[in-house]
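Engineer: The listed protein sequences correspond, in order, to chains A and B.
Heads up, the final residue of the first sequence is numbered 121 in our numbering, and it's a clean run with no missing numbers.
Heads up, the final residue of the second sequence is numbered 318 in our numbering, and it's a clean run with no missing numbers.
Beta carbons are placed, not taken as given, at the ideal position from N, Cα and C, and that holds for glycine.
Remember, predicted model here, so these are calculated numbers, not experimental data.
I'd like to ask you about the structure that follows.
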Amino acid sequence: MDERLEKALDFSNYMLTLNNQKRLLAQKYQEELIHFYDGSQFTVTRELITFVSAMVSVNQDEVVITDDNNIPCQVEELENFYSEIINKYTTASNDYYSSYLKLKTSRSVEKLVNHEQ
Amino acid sequence: MSNKGVFLIARNNGHIDYVKQAVFLAKRIKRHLGVPVSVATDSVDYLVDTFGTDDFDKIISLEFTNDTNLRYFFDGSLSKKTASFKNSNRAGVYDLTPYDETIIMDTDYVVSNDLLKNCFESGSDFMIYKESDDIAKVRNEKEFKTISDTSVDFYWATVIYFRKTEANSIFFNLVKHIEQEWNHYRRVYQITSGLFRNDFAFSIAIHIMNGFQPGTFAQQLPGSMMYTVDRDILWNLNNDEMTFLVEKKNYLGEYTALKTSGQTIHVMNKQSLNRMIDQEFANE
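Dropping the structure here:
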């Protein structure tokens, strides 16, 4: 096989694996963003954080929020809820970031599938 | 307070050791979800003599039957066996389970995180996966979106959470009825294959329970159902890390390596899963 093609195919295989690992990491991140409160499921998004922050800033103690299944949930002790979702978001995001950095610096297929996530 | 747990069904078919998978899965469920596990099997003696009873809360005996529901079991792209697919009894779980709140799970569902334990705190009485992701992402996933080209939404019977309620009793009885009258229902719902599949029966039952339209009888379980098909190979299993060789698109017998960590995966290649379980049990 032409050496140029061989190198291109090696790189192509590496990119395929890299993209797969990135996708799996992103899926894991989405799972780790899920927060459960009083039987309801919330994926913690920047929008949710901003909304809850806004409600806290106008001294609301409780608020109704629709969860991932579009079911309304009465959230009480809003400040605690705010702390919980901030904690969930930062922990999941930091894990995602550090795993992504490891992935980015893995320069072979072997390293990509052997790295610690 | 209601009692809760996970319920497994393990019926060996001469080629695949589902009992071994159930023992393996029970250990992982206890570690990640922290709830008791019960199993229903037609091989109680084999289970007790070979693996003991420590991993299970209750062992329920099922009558042995020789099912004629045959299908291929692939082990990667290039190897396959034909064996019976003993998938009846799924709807009977409602009566068999000793728990008020039950997660029924296939034995090839490799639990690797604690996401599902939140079901027990959920406000929903019935949860199932509709959204799914093929970890390879090179295949057409249409067959897991609707039960046929012209039919209703597809739901995975691989994992189901339910409480014992009147509505759920009606639902599981409906699934039994659909199973008994399968040839009728598969024609009504335009399913071309004659093979009975629990996924299809549960999807049809959900459609009926919703008033023959999309609805809210079934809520989505946390996250999404991640799976690999039996053309892929589970190559390595180390605690919660799994390495797969996933089939390359249009290159029969060629694979791409892929690693997951802390992600629960439905491993449909049961033969490669059993090889990994053998290795894990040998190391214990």
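Could you check how far apart the C-beta atoms of ASP89/B and VAL57/B are, in whole angstroms? I think they sit under 8 angstroms.
Structural biologist: Sequence index remark: in the second sequence, residue 89/B carries index 55 (1-based). Sequence index remark: in the second sequence, residue 57/B carries index 23 (1-based). Confirmed, about 5 angstroms.
Engineer: Hey, ILE194/B and ILE242/B: beta-carbon distance below 9 angstroms or not?
Structural biologist: Stepping through the second sequence from its first residue, residue 194/B is reached at position 160. Stepping through the second sequence from its first residue, residue 242/B is reached at position 208. No; because the gap between Cβ atoms is not below 9 angstroms, this pair is not in contact.
Engineer: Name the chain B residues that come within less than 7 angstroms of SER44/A, Cβ to Cβ?
Structural biologist: If you number the first sequence from 1, residue 44/A lands on position 40. Correct list: GLY157.
Engineer: Would a check of beta-carbon distances place VAL280/B closer than 9 angstroms to chain A?
Structural biologist: Taking the first residue of the second sequence as position 1, residue 280/B is located at position 246. Chain A, which has a Cβ nearer than 9 angstroms to the Cβ of VAL280/B, makes this yes.
Engineer: Tell me the rounded alpha-carbon separation between ASP140/B and GLN78/A.
Structural biologist: The sequence position of residue 140/B within the second sequence is 106, counting from 1. The sequence position of residue 78/A within the first sequence is 74, counting from 1. Approximately 35 angstroms, taken between the alpha carbons.
Engineer: Who are the near neighbours of VAL172/B in its chain, counting only those whose CB is closer than 6 angstroms to its CB and skipping five residues on each side?
Structural biologist: Residue mapping note: residue 172/B aligns to position 138 of the second sequence, counting from 1. Excluding residues within five positions, the ones whose Cβ falls inside 6 angstroms are LYS283.
Engineer: Which residues in chain B sit within 9 angstroms of PHE85/A, going by Cβ to Cβ distance?
Structural biologist: Numbered from its first residue, the first sequence carries residue 85/A at position 81. Per Cβ cutoff of 9 angstroms: no residues; PHE85/A is ~15 angstroms from chain B at best.
Engineer: Buried or exposed for GLN45/A, going by 16 or more other Cβ atoms inside 10 Å?
Structural biologist: The residue given as residue 45/A occupies position 41 in the first sequence. So GLN45/A ends up on the buried side.
Engineer: Quick check: is the beta carbon of GLU10/A nearer than 9 angstroms to any beta carbon in chain B?
Structural biologist: Here residue 10/A refers to the residue found at position 6 when the first sequence is read from its first residue. No, no contact with chain B.
Engineer: Please report the distance separating the alpha-carbon of ALA252/B from that of ALA201/B.
Structural biologist: Taking the second sequence and counting its residues from 1, the one referred to as residue 252/B is at position 218. Taking the second sequence and counting its residues from 1, the one referred to as residue 201/B is at position 167. So the alpha carbons of these two residues sit roughly 11 angstroms apart.
Engineer: Check whether the Cβ atoms of ILE94/B and LEU130/B lie closer than 9 angstroms to each other.
Structural biologist: Sequence index remark: in the second sequence, residue 94/B carries index 60 (1-based). Sequence index remark: in the second sequence, residue 130/B carries index 96 (1-based). Cβ distance < 9 angstroms, so ILE94/B and LEU130/B count as in contact.
Engineer: Applying a beta-carbon distance threshold of less than 8 angstroms, which residues of chain B neighbour GLN25/A?
Structural biologist: For this step, residue 25/A is matched to residue 21 along the first sequence. The answer, in chain order, is LEU292 and LYS293.
Engineer: Check distances from the C-beta atoms of the segment 242-263 of chain B to those of chain A and list, in chain order, the residues that come in under 9 angstroms.
Structural biologist: Those residues of the segment 242-263 of chain B that come within reach of chain A (Cβ to Cβ, closer than 9 angstroms) are THR250, GLN253, GLN254, PRO256, GLY257, SER258 and MET260.
Engineer: Hey, is the segment 298-310 of chain B in contact with the segment 254-261 of chain B, meaning 3+ C-beta pairs nearer than 8 angstroms?
Structural biologist: Yes, the segment 298-310 of chain B is in contact with the segment 254-261 of chain B.
Engineer: Using only alpha-carbon positions, find the residue among ASP266/B, TYR163/B and TYR285/B that is nearest to LEU279/B.
Structural biologist: Taking the first residue of the second sequence as 1, we reach residue 279/B at position 245. For LEU279/B, the nearest C-alpha among the options comes from ASP266/B.
Engineer: Against chain B, with Cβ distances strictly below 9 angstroms, would THR21/A count as a contact?
Structural biologist: Your numbering for residue 21/A matches position 17 in the first sequence. Taking Cβ atoms only, chain B reaches closer than 9 angstroms to THR21/A, which makes this a yes.
Engineer: Any C-beta of chain B sitting closer than 9 angstroms to the C-beta of ILE69/A?
Structural biologist: By one-based count along the first sequence, residue 69/A stands at place 65. Answer no: the Cβ-Cβ gap between ILE69/A and chain B never drops below 9 angstroms.
Engineer: State the beta-bridge partners of VAL71/B as determined by DSSP.
Structural biologist: Counting from 1 along the second sequence, the entry for residue 71/B is found at position 37. Note: VAL71/B sits in a beta bridge opposite VAL40/B.
Engineer: Going by the CB atoms, is the gap between LYS114/B and CYS315/B shorter than 9 angstroms?
Structural biologist: As a position in the second sequence, residue 315/B is number 281, starting the count at 1. As a position in the second sequence, residue 114/B is number 80, starting the count at 1. Reading the sequence as shown, one finds Phe at residue 315/B and not Cys. The answer is no: Cβ separation not under 9 angstroms.
Engineer: Quick one: grab the DSSP three-state call for SER227/B.
Structural biologist: In the second sequence, the residue the question calls residue 227/B occupies position 193. Correct three-state label for SER227/B: coil.
Engineer: Mind listing which residues of the segment 134-165 of chain B have their C-beta closer than 8 angstroms to chain A's C-betas, in chain order?
Structural biologist: Cβ contacts with chain A come from ASN147, LEU149, ASN152, GLU155, SER156, GLY157 and SER158.
Engineer: Could you confirm whether any beta carbon from chain A is found closer than 9 angstroms to the beta carbon of GLY296/B?
Structural biologist: Here residue 296/B is taken as the residue at index 262 of the second sequence, counted from 1. With 9 angstroms as the cut-off, GLY296/B counts as an interface residue toward chain A.
Engineer: For a test of the three-state rule: what should DSSP assign to ILE322/B, helix, strand or coil?
Structural biologist: No statement about residue 322/B is possible, as the shown extent of chain B runs from 35 to 318 and does not include it.
Engineer: Interface residues of chain A around ASP167/B at Cβ under 8 angstroms?
Structural biologist: Within the second sequence, residue 167/B is the residue found at index 133, counting from 1. Under the 8 angstroms cutoff, chain A gives GLN31.
Engineer: Could you work out which residues of chain B lie near VAL117/A, taking near to mean beta carbons separated by less than 8 angstroms?
Structural biologist: Position 113 of the first sequence, counting from 1, holds the residue named residue 117/A. Going along chain B in sequence order, the residues near VAL117/A (Cβ under 8 angstroms) are THR277, ALA291, LEU292 and LYS293.
Engineer: TYR189/B: which of SER203/B, GLU177/B and TYR163/B sits nearest, CA to CA?
Structural biologist: Indexing the second sequence from 1 puts residue 189/B at position 155. Answer by Cα proximity: TYR163/B.
Engineer: Residue range of the beta strand (DSSP E) that PHE196/B falls in?
Structural biologist: Sequence index remark: in the second sequence, residue 196/B carries index 162 (1-based). Here the beta strand (DSSP E) through PHE196/B covers 190-197.
Engineer: For SER166/B, tell me which candidate among TYR285/B, LEU255/B, THR290/B and ILE43/B has the shortest Cα-Cα distance.
Structural biologist: Stepping through the second sequence from its first residue, residue 166/B is reached at position 132. For the residues TYR285/B, LEU255/B, THR290/B and ILE43/B, the minimum Cα distance to SER166/B belongs to LEU255/B.
Engineer: So that I know if they touch, is there some Cβ in chain B lying closer than 9 angstroms to that of GLN121/A?
Structural biologist: As a position in the first sequence, residue 121/A is number 117, starting the count at 1. A caution first: GLN121/A carries a pLDDT of 46, below 50, which makes its placement in the model unreliable, though a value can still be read off. It does; some Cβ of chain B falls within 9 angstroms.
Engineer: For ILE169/B, count neighbouring C-beta atoms within 10 Å of its own C-beta (all shown protein chains included) and say buried if the count is 16 or more, exposed if not.
Structural biologist: What you label residue 169/B is simply residue 135 of the second sequence in a count that begins at 1. Buried is the call here.
Engineer: Please report the distance separating the alpha-carbon of ASN244/B from that of ASP71/A.
Structural biologist: Translated into positions along the second sequence, residue 244/B becomes position 210. Translated into positions along the first sequence, residue 71/A becomes position 67. Rounded to the nearest angstrom, the two C-alpha atoms are 21 angstroms apart.
Engineer: List, from N- to C-terminal side, the alpha helix (DSSP H) runs of 4 residues or more that fit wholly inside the segment 105-142 of chain B.
Structural biologist: Entirely contained in the segment 105-142 of chain B, the alpha helix (DSSP H) runs reaching 4 residues are, in chain order, 127-130.
Engineer: Can you check the segment 255-292 of chain B for any alpha helix (DSSP H) of at least 4 residues that lies completely inside it and give the ranges in chain order?
Structural biologist: Segments of the alpha helix (DSSP H) lying fully in the segment 255-292 of chain B: there are none.
Engineer: Three-state secondary structure (DSSP) at THR298/B?
Structural biologist: In the second sequence, the residue the question calls residue 298/B occupies position 264. In this structure, THR298/B counts as coil in the three-state DSSP scheme.
Engineer: When DSSP builds the beta bridges, which residues end up paired with GLN253/B?
Structural biologist: If you number the second sequence from 1, residue 253/B lands on position 219. In the DSSP output, where bridge partners are listed per residue, GLN253/B has MET161/B.
Engineer: State the beta-bridge partners of THR49/A as determined by DSSP.
Structural biologist: In the first sequence, counting from the first residue as 1, residue 49/A sits at position 45. In DSSP, THR49/A forms no bridge with anything.
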